[in-house]
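Student: Chains A and B, in that order, are what the protein sequence lines are. Everything in the first sequence is counted per the working numbering, starting at 28 for the first residue and increasing by one. Everything in the second sequence is counted per the working numbering, starting at 28 for the first residue and increasing by one. I have a structure here, written as C-alpha cells, and I will follow up with some questions on it.
There are 2 protein chains.
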Amino acid sequence: MDTRAAIIHIGDTLLRERGYNAFSFTDISRELDIKNASVHYHFPTKASLGVAIISEYEKAFEDLRKESAGAPALAKLRTFLKVYIAARGQNKICLVGSLATDLYTVDEAMQQALGRLVRQILSWLTAILEEGRSEGMFFFSGSARTKALLVITNMMAALQLTRVTGKKDFQEIKGAIIADLIGSGKRIKQKN
Amino acid sequence: MDTRAAIIHIGDTLLRERGYNAFSFTDISRELDIKNASVHYHFPTKASLGVAIISEYEKAFEDLRKESAGAPALAKLRTFLKVYIAARGQNKICLVGSLATDLYTVDEAMQQALGRLVRQILSWLTAILEEGRSEGMFFFSGSARTKALLVITNMMAALQLTRVTGKKDFQEIKGAIIADLIGSGKRIKQKN
DNA sequence: GTCTATATTCCGATAGAC
DNA sequence: GTCTATCGGAATATAGAC
Chain A
28 MDTRAAIIHI GDTLLRERGY NAFSFTDISR ELDIKNASVH YHFPTKASLG
78 VAIISEYEKA FEDLRKESAG APALAKLRTF LKVYIAARGQ NKICLVGSLA
128 TDLYTVDEAM QQALGRLVRQ ILSWLTAILE EGRSEGMFFF SGSARTKALL
178 VITNMMAALQ LTRVTGKKDF QEIKGAIIAD LIGSGKRIKQ KN
Chain B
28 MDTRAAIIHI GDTLLRERGY NAFSFTDISR ELDIKNASVH YHFPTKASLG
78 VAIISEYEKA FEDLRKESAG APALAKLRTF LKVYIAARGQ NKICLVGSLA
128 TDLYTVDEAM QQALGRLVRQ ILSWLTAILE EGRSEGMFFF SGSARTKALL
178 VITNMMAALQ LTRVTGKKDF QEIKGAIIAD LIGSGKRIKQ KN
C-alpha cells in the first residue's frame, strides 16, 4: 500500500475510534514509522486529510451501490447494514457520527464533503427501501426517505450507544430493524 | 448563579456543541470573565468537570422521571422527547452521543459515570414504553427494552445527522417515532 | 476564590537539507 | 518522499501571592 493510502486508512481508524480532535499527524506518523513532516507532504493540512477520508467513503459507498445493483432489495439492505456491522466488530463508530459531533470545529471544506456523503448514503438507502416496498418485500408506512432516516439514525447511534451498553444491544437493534421492515409475520401489510 | 454551577453549564454547552476534546478551561474562563486558574480551583482536572456535568444529567433525568410519575405514558414519552427537542433547538447534540464518540479519550471515571447515565435513561424509557403498551396506548412488538434502544438511537443520531441535513428531518424522525408507537390507525394491535 | 506566572507537553505547520 | 529542526500557539495543570 502506498503511503498516501496508508495515511488515509490510519486517519480513518483514528477518526472513528477517538474523534477528529483527538488524533494528530504525529499519531499517524508513528504508526507508519515516519516523521510528522512526511505526513504533511502528502496532506498539507489536517483538513485536507479529512476531506480525503470522506471522499474515500463516497467512493466506497458508490462501489457498494454498483456491486449490489442487480440484487433483491433485502440483499441490498444487508449490504448496507454490513458497513455498520463491520464497524461494530472493530468498536469504531461511523464516520458521519464522529464528524457530526465535531462538525463546528472542522474546516468548511470538510463540512461540505460530509454533506455530500450524507446525501449520497441517504439517497441510496431511500432507493433500497422504496424498491423493497414496491416488490412487496418491505412493509412500512410514510415516505421511504423518512424510513431511511430512521434506519440510519438507528445504526449510527447503535455504534455509539453500544460502546457503553455492550455488543449484544447492537445485535438487538440490527435484528429489530430487519424484523420491522420485512414484517416477520407480526404485521399486516400497510396501505402505502 | 454560583461560579461552580456556571462552569458546569458552560462546559455542558461546549461539550455538546463542539465535543470534549475541542473545548478548554480557557474557553470557559473567558465566558465567565475570570482566569483559567480560577476554573481549576472549582474543578482540579478536566475529567472532574466532565464527571460533574454527567452527574447533573443524572439528577435532571431523575427529576423528570419523578415529576412525570403520575402522567399517562404518552405524556411521559413527550417529556422524554422534549430533552432532545430542546437540544435540537440549540443545535446541540446529546451528551451521550458526544461522549460516546470521544469515549476512549476520556478518563475512566467519566466512562463509568456515562455508563450509569445511559443505564438510567434506558431504564426510564423502557418503563415508559412498557407502561404505555399495557395501557393500550403504545403498540410495538418485541421487548420494551429493545424498543427503547430503537427510540433512543433514533433521537441521539437525529441530533447529529440533522446538523447536516437540516432541522426539518429532525421533525420527521420525531413525528415518525410517535406515529409508530401510537399506531396512527395504520397498524393493527400487535400480539405481545 | 481569584489572581499572576509558569512548567510541561503537544499540536499544526513550514523551511530547507538530503 | 523523507528527514532534521523549529516556529507559534494552545492545552492541562500547579505554585504561591492577594
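Here a beta-carbon is modelled for each residue, glycine too, at the ideal position from N, C-alpha and C.
Considering only C-alpha positions, which residue in the set A/S125, A/A203, A/A32 and A/A98 is nearest to A/F50?
Tutor: Numbered from its first residue, the first sequence carries residue 50 of chain A at position 23. Among A/S125, A/A203, A/A32 and A/A98, the Cα nearest to that of A/F50 is on A/S125.
Student: For the pair the segment 77 to 93 of chain A and the segment 145 to 156 of chain A, tell me if three or more CB-CB distances fall below 8 Å.
Tutor: Yes: at least three Cβ pairs fall under 8 Å.
Student: Are the Cβ atoms of B/G38 and B/I55 separated by less than 8 Å?
Tutor: Your numbering for residue 38 of chain B matches position 11 in the second sequence. Your numbering for residue 55 of chain B matches position 28 in the second sequence. Going by C-beta atoms, B/G38 is nearer than 8 Å to B/I55.
Student: For A/A96, does the three-state DSSP call read helix, strand or coil?
Tutor: Counted from its first residue, the first sequence places residue 96 of chain A at position 69. Note: A/A96 maps to coil in three-state DSSP.
Student: Between A/A102 and the rest of its own chain, which residues show a CB-CB distance below 8 Å, the 5 nearest in sequence each way excluded?
Tutor: Sequence index remark: in the first sequence, residue 102 of chain A carries index 75 (1-based). Once the five neighbours on either side are set aside, the close Cβ partners of A/A102 are S95.
Student: Using CA coordinates, which residue listed in A/A184, A/L156, A/I205 and A/A64 is at the minimum distance from B/T128?
Tutor: Within the second sequence, the letter at position 101 stands for residue 128 of chain B. It is A/A184 whose Cα lies nearest to the Cα of B/T128.
Student: Consult DSSP for B/V178 and reduce its assignment to one of helix, strand or coil.
Tutor: For the purposes of this step, residue 178 of chain B is identified with residue 151 of the second sequence, where counting begins at 1. Reduced to three states, the DSSP call for B/V178 is helix.
Student: For the candidate residues B/E83, B/L104, B/H67 and B/Y84, whose alpha-carbon lies nearest to that of B/D207?
Tutor: Looking up residue 207 of chain B in the second sequence gives position 180. It is B/L104 whose Cα lies nearest to the Cα of B/D207.
Student: Who are the near neighbours of B/Y84 in its chain, counting only those whose CB is closer than 7 Å to its CB and skipping five residues on each side?
Tutor: Start at 1 with the first residue of the second sequence, and residue 84 of chain B comes out as number 57. Answer for B/Y84: L122 and L144, listed in chain order.
Student: Using the Cα positions of B/E157 and A/S65, report the straight-line distance between them to the nearest angstrom.
Tutor: The residue given as residue 157 of chain B occupies position 130 in the second sequence. The residue given as residue 65 of chain A occupies position 38 in the first sequence. Rounded to the nearest angstrom, the two C-alpha atoms are 57 Å apart.
Student: Please report whether the beta-carbon of A/L156 lies at a distance below 8 Å from any beta-carbon of chain B.
Tutor: For this step, residue 156 of chain A is matched to residue 129 along the first sequence. It does not; no Cβ of chain B falls within 8 Å.
Student: Within 8 Å of any Cβ in chain A, is that where the Cβ of B/S125 sits?
Tutor: Here residue 125 of chain B corresponds to residue number 98 of the second sequence, with the count starting at 1. So yes, B/S125 belongs to the interface.
Student: How would you list, in chain order, the residues of chain A whose beta-carbon sits under 8 Å from the beta-carbon of B/I200?
Tutor: Position 173 of the second sequence holds residue 200 of chain B. Correct list: T173, L176, L177 and T180.
Student: Which chain B residues sit within Cβ distance under 8 Å of A/R45?
Tutor: Residue numbering aside, residue 45 of chain A sits at position 18 when the first sequence is read from its first letter. Near A/R45 (Cβ distances below 8 Å), the residues of chain B are D129, Y131 and T132.
Student: Compare the C-beta of B/I80 against all C-beta atoms of chain A and say whether one is closer than 8 Å.
Tutor: As a first step, residue 80 of chain B is located in the second sequence; it is residue number 53 there, counting from the start. Chain A, which has no Cβ nearer than 8 Å to the Cβ of B/I80, makes this no.
Student: Just mark A/R57 as buried or exposed, buried being the case when its beta carbon has 16 or more other beta carbons within 10 Å.
Tutor: Here residue 57 of chain A corresponds to residue number 30 of the first sequence, with the count starting at 1. Exposed, since its Cβ has fewer than 16 Cβ neighbours within 10 Å.
Student: Run through DSSP, which three-state label would B/I112 get?
Tutor: Sequence index remark: in the second sequence, residue 112 of chain B carries index 85 (1-based). Helix.
Student: Over the uninterrupted alpha helix (DSSP H) stretch that includes B/G38, give me the two end residues.
Tutor: Stepping through the second sequence from its first residue, residue 38 of chain B is reached at position 11. Element bounds for B/G38: T30 to R45.
Student: Since A/A49 is in the alpha helix (DSSP H), which residue starts that stretch and which ends it?
Tutor: Position 22 of the first sequence, counting from 1, holds the residue named residue 49 of chain A. First-last for A/A49: undefined, no H or E at that position.
Student: Just to confirm my understanding: we take B/G210, look at its own chain, exclude 5 residues before and 5 after, and list those with CB closer than 7 Å. What are they?
Tutor: Numbered from its first residue, the second sequence carries residue 210 of chain B at position 183. Within the same chain, B/G210 has close Cβ partners F166.
Student: Run through DSSP, which three-state label would A/G202 get?
Tutor: The count along the first sequence starts at 1 and reaches residue 202 of chain A at position 175. Three-state DSSP puts A/G202 in a helix.
Student: Would you say A/N48 reaches chain B, if we count a Cβ-Cβ gap shorter than 8 Å as a contact?
Tutor: Mapped onto the first sequence, residue 48 of chain A falls at position 21. Chain B contact via Cβ: present.
Student: For A/R188, which residues from the same chain have a beta carbon less than 8 Å from its beta carbon, with the 5 sequence-adjacent residues on both sides left out?
Tutor: The count along the first sequence starts at 1 and reaches residue 188 of chain A at position 161. This sequence places Leu at residue 188 of chain A; Arg is not what is there. The answer, listed in chain order, is D196.
Student: What is the rounded straight-line gap between the Cα of A/F70 and the Cα of B/K174?
Tutor: Taking the first residue of the first sequence as position 1, residue 70 of chain A is located at position 43. Taking the first residue of the second sequence as position 1, residue 174 of chain B is located at position 147. Their backbone Cα atoms lie some 44 Å apart in a straight line.
Student: Please report how far the alpha carbon of B/H67 lies from the alpha carbon of A/L41, in whole angstroms.
Tutor: Position 40 of the second sequence, counting from 1, holds the residue named residue 67 of chain B. Position 14 of the first sequence, counting from 1, holds the residue named residue 41 of chain A. B/H67 and A/L41: Cα-Cα distance of roughly 30 Å.
Student: Applying the 10 Å Cβ sphere with the 16-neighbour rule, what's the burial state of A/A100?
Tutor: As a first step, residue 100 of chain A is located in the first sequence; it is residue number 73 there, counting from the start. When all chains shown are included, A/A100 counts as buried.
Student: Apart from the five residues just before and just after A/T181, which ones in its own chain have a Cβ nearer than 7 Å to its Cβ?
Tutor: One-based indexing of the first sequence puts residue 181 of chain A at position 154. Reading off the sequence, residue 181 of chain A comes out as Asn, not Thr. Answer for A/N181: I200 and I204, listed in chain order.
Student: Taking only beta carbons into account, state which residues of the segment 54 to 81 of chain A come closer than 8 Å to chain B, listed in chain order.
Tutor: Cβ contacts with chain B: none found.
Student: Which residues mark the beginning and the end of the alpha helix (DSSP H) in which A/S170 is found?
Tutor: For this step, residue 170 of chain A is matched to residue 143 along the first sequence. Here A/S170 belongs to no alpha helix (DSSP H), and DSSP marks it neither H nor E.
Student: Can you name the start and end residues of the alpha helix (DSSP H) that A/Y68 belongs to?
Tutor: Against the first sequence, residue 68 of chain A aligns to sequence position 41. Where A/Y68 is concerned, the enclosing alpha helix (DSSP H) stretches over N63 to H69.
Student: Give the secondary structure of B/T223 by DSSP, where H, G and I count as helix, E and B as strand, and everything else as coil.
Tutor: Given a span of 28 to 219 for chain B in the structure shown, any question on residue 223 of chain B remains unanswerable.
Student: Helix, strand or coil for B/L135, going by three-state DSSP, please let me know.
Tutor: Taking the second sequence and counting its residues from 1, one reaches residue 135 of chain B at position 108. It is Glu, not Leu, that sits at residue 135 of chain B in the sequence shown. Three-state result, B/E135: helix.
Student: Would B/G46 be called buried (16 or more neighbouring beta carbons within 10 Å of its own) or exposed?
Tutor: Your numbering for residue 46 of chain B matches position 19 in the second sequence. Buried, since its Cβ has 16 or more Cβ neighbours within 10 Å.
Student: Please report the distance separating the alpha-carbon of B/M137 from that of A/M164.
Tutor: Locating residue 137 of chain B in the second sequence gives position 110, where the first residue counts as 1. Locating residue 164 of chain A in the first sequence gives position 137, where the first residue counts as 1. Cα to Cα, the separation comes out at about 44 Å.
Student: Using the rule of at least 16 other Cβ atoms within 10 Å of the residue's Cβ for burial, across every protein chain shown, is B/A98 buried or exposed?
Tutor: For the purposes of this step, residue 98 of chain B is identified with residue 71 of the second sequence, where counting begins at 1. Exposed, because fewer than 16 other Cβ atoms sit within 10 Å of the Cβ of B/A98.
Student: Please go through the same chain and pick out, in chain order, the residues whose beta-carbon is closer than 7 Å to the beta-carbon of A/I155, but skip the five residues on each side of it.
Tutor: The residue labelled residue 155 of chain A in the question sits at position 128 within the first sequence. Correct list, in chain order: A100, K103, L104 and F107.
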